[in-house]
Structure formats: C-alpha cells, structure tokens
Amino acid sequence: KVVKAFNTNFAGTLVSGQVGGAPTTVLVAGDDDGARAAVIDLVTAGGLAATSAGALKRARELEAVAFLQMTLAAGETIGWGGGFALQK
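-6 is the number of the first residue of the sequence shown in this note's numbering; add one for each residue after it.
Given below as structure tokens:
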C-alpha cells in the first residue's frame, strides 16, 4: 500500500504546525482508503491538519504544488517557512 503525504510541506511548517497563522495542511493521496485514513489519523494526531487529495493518481498534481512552493521560496516571493494552508 502506497500513500503520498508530506512532500508539499516545508520542514519548518511541519515543525511549527503553522502556515501564516493557519494550521499546516498535509495533503494525503493513496488508492487504499484504509491506508489513506491511517495516514490522515497520524497527521492529525501530530497536531496538523490533513486533507485527502484522493487517489494516488493525484501524485502528479501534488508534485506541481510542491514545485510551485519551492519556486516561490527560492525566488524569495515567500519564505522557506511559508506554504499553503487549506481553509475548509
């Protein structure tokens, strides 16, 4: 069972649990509902927010989010402590 998570977050936001005053959101993708739910439970138990990104085929979109975030940080548009927080 493969579950993709954490790669769209900078380490600093995982440690602080915050992105701009909002809870750090970890996007979780995987084909197995139980495995995906287990990772979501792990993330929330650690004090972070978690959202299902759906099936593992969403990995491509998650990589794009991560690349955009790294590009913005490297260009000093956002800091390395910045990122995206999903508001529900």
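Glycine residues also receive a C-beta, built at the ideal position from the N, C-alpha and C atoms.
If I measure Cβ to Cβ from G72 and keep anything under 8 Å in the same chain, skipping five residues before and after, which residues do I get?
As a position in the sequence shown, residue 72 is number 79, starting the count at 1. Once the five neighbours on either side are set aside, the close Cβ partners of G72 are A66.
Just checking G72 against the ligand FAD - is the residue's beta carbon closer than 8 Å to any of the ligand's heavy atoms?
This structure lacks the ligand FAD; in fact it carries no ligand of any kind.
How many angstroms separate the CA atom of K(-6) from the CA atom of F60?
As a working mapping, residue -6 is identified with position 1 in the sequence shown. As a working mapping, residue 60 is identified with position 67 in the sequence shown. Roughly 25 Å separates the two Cα atoms.
Which residue's Cα is closest to the Cα of G47: G40, G5, L41 and D25?
The residue labelled residue 47 in the question sits at position 54 within the sequence shown. Among G40, G5, L41 and D25, the Cα nearest to that of G47 belongs to D25.
Do V21 and V36 come within 9 Å of each other at the CB atom, strictly closer than that value?
Residue 36 sits at position 43 when you count from the first residue of the sequence shown. Residue 21 sits at position 28 when you count from the first residue of the sequence shown. Against a cut-off of 9 Å, the Cβ pair of V21 and V36 comes out as a contact.
Residue range of the alpha helix (DSSP H) that includes Q5:
As a working note, residue 5 is residue 12 in the sequence shown. Rather than Gln, the amino acid found at residue 5 in this sequence is Gly. Where G5 is concerned, the enclosing alpha helix (DSSP H) stretches over A4 to S9.
Using the Cα positions of G39 and F(-1), report the straight-line distance between them to the nearest angstrom.
The residue you call residue 39 lines up with position 46 of the sequence shown. The residue you call residue -1 lines up with position 6 of the sequence shown. The straight-line gap from Cα to Cα measures roughly 12 Å.
Mind checking which residues open and close the beta strand (DSSP E) that includes A42?
In the sequence shown, residue 42 corresponds to position 49, counting from 1. That run of the beta strand (DSSP E) goes A42 to G47.
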